[in-house]
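Working notes, structure below.
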Ligand code: KG4
Ligand code: ZN
């Protein structure tokens, strides 16, 4: 991989993970052909546990402290110097502006001081490409703390968002319901841990399941859980957690399968932080098997935020013909949505 290859250093600071990764990839190829040389994630979970959620100012302070050590470690792990890198990629949005700006301005400073070009990349494209989609047309379910979307991919480079949440994201619902149950942040792992293997008769509503579109809504479900807790103070937490998890997974799986049928897709991929949920992974695996479409989900560590996925998305952008830009063309864009 020498003459026609590119080395990309990617930086991600959109929420509460400070992350760096280095990818080496072939350029003169139609199909992605790359290797990840290093990936470092500094998670702020322990800090945000104390407040039960991410306080932007607190996240930003941790990014300020961690950005230099994380990028230095990323280079060190790959046994590379900054001068060996060809391009600098960075998550430019969506995310918390005070978090984004630290990665973006740091990446711009690296680019300015070394004369390297940059690839500003969308965080959701990172999640989208963290899954290994096998055959097209493909459907991708992205479920994170800030987003829930169904993306139809005609091929690797052309996609369209066919549905998204009209209120809370799936991960956000896990985090808020966990808080109602007195469980720690992040709520997803805490809920799935206490819900594991718990059978329950409780049935929460399946919002928007029968509507003729691919949108989601989780805010009403959270309210149902809140009312249920108020009205039934003696019911065990693990039963409520289990019923809530079942409702979320049921809606996500059924809506995905509806889109599979409508668009006649050949494969489904699942990504984003909530993709780390064991029940969701298992139920979607089963549903795809019965629908006879292939299914893929990244390994657990690639589901939650990392820079490896930003490096891959940036590399795919390059293959699709994207021309890297100068540092002064890059700006954090907290509300940058993919379409
Ligand atoms: O993708 P991500 O790391 O950050 C965003 O881009 O938002 O996703 C974080 C979200 C959190 O809401 C967290 O509760 C959820 O992913 N999450 C899970 C699990 N692990 C993380 N949700 C359900 N089950 C899990 N095992
Ligand atoms: Zn994310």
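Numbering (the numbering used here), first residue to last: 5 to 343.
For each residue, glycine too, the CB sits at the ideal point set by N, CA and C.
The structure displayed is predicted, hence computed values, not measured ones.
With a cutoff of 7 Å on beta-carbon distance, residue 15 and residue 24 are scored as near each other. Around the beta carbon of residue 187, a 10 Å sphere encloses 16 or more other beta carbons of the protein chains shown; the residue is thus reported as buried. Applying a distance threshold of 5 Å between residue Cβ atoms and the heavy atoms of the ligand KG4 selects 148, 149, 150, 175, 178, 179, 190, 191, 192, 193, 196, 276, 277, 278, 280, 281, 308, 309, given in chain order. Fully enclosed beta strand (DSSP E) runs of no fewer than 3 residues occupy 121-126, 142-147, 152-157 of the stretch 98-161, in order along the chain. Fully enclosed beta strand (DSSP E) runs of no fewer than 3 residues occupy 271-275 of the stretch 252-284, in order along the chain. Assignment of residue 208 by DSSP, reduced to helix, strand and coil, places it in the coil class. Beta-bridge analysis with DSSP links residue 167 to 154. For the pair residue 22 and residue 94, the CB atoms are not nearer than the 7 Å cut-off.
The C-beta distance from residue 89 to residue 120 rounds to 7 Å, short enough to fall under 8 Å. In this structure residue 160 does not touch residue 154 by the C-beta definition: roughly 17 Å separates them, more than the 8 Å allowed. Nearest Cα to residue 293 within the set 264, 98, 212: 264. Using a C-beta cut-off of 8 Å, the stretch 191-207 makes contact with the stretch 235-249, since at least three inter-stretch Cβ pairs fall below that distance.
With contacts defined by Cβ atoms closer than 7 Å, residue 314 and residue 125 form a contacting pair. Of all alpha-carbon atoms in 132, 250, 163, 215, the one lying nearest the alpha-carbon of residue 151 is that of 132. Taking a 10 Å sphere around the C-beta of residue 235, we find fewer than 16 other C-beta atoms and assign the residue as exposed. Listed as beta-bridge partners of residue 24 by DSSP are 15, 44. DSSP places residue 299 in the uninterrupted beta strand (DSSP E) bounded by 298-300.
Assigned with DSSP and collapsed to three states, residue 8 falls in coil, not helix or strand. Within the DSSP bridge table, the entry for residue 92 names 13, 122 as partners. Contact between residue 134 and residue 283 does not hold, since their C-beta atoms are separated by about 20 Å, which reaches or exceeds 8 Å.
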